[in-house]
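Below you'll find the structure, written out as structure tokens, and then a few comments.
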């Protein structure tokens, strides 16, 4: 399930700011940005305790029915039941994911697209706000 946003244009050079609160018993949640569920340019997956990881932020992309090479962030500034903010800026070359402690994850824009219209937020999280500037 989760929350699906379609036809909300997110263009190169813009910043998406997402505010949310992980559930008290959250194991993980994910932010997916791309063209569709089968074509995800950026998958940001903060994992409290899921998929064999603990307190890790995993970034990836999903293309042609397969997950690509994972990137892992060094910081995990998330707490269950506490509000967070993530800022995602993208260019033709990369996504810059800024976590609310100021740490950053550089993830390649593997598709090189200049615009994405599909955003899906899933997992044990309550989304409070979405802003694109």
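Numbering (UniProt numbering), first residue to last: 1 to 133. Ideal Cβ placement from N, Cα and C applies to all residues, glycine included.
Our two residues, residue 43 and residue 61, have alpha carbons roughly 6 Å apart in a direct line. By the CB criterion at 7 Å, residue 84 and residue 78 fall inside the cutoff.
Spanning the alpha carbons of residue 69 and residue 32 requires a straight line of approximately 16 Å. Cβ-Cβ separation between residue 28 and residue 46: approximately 6 Å, consistent with a contact (criterion under 8 Å). For residue 48, the enclosing beta strand (DSSP E) begins and ends at 39-50. Uninterrupted alpha helix (DSSP H) stretches at least 4 residues long and entirely within the UniProt domain "Galectin" (2-133) do not occur. Ranking 80, 106 and 101 by CA distance to the CA of residue 94 puts 106 first.
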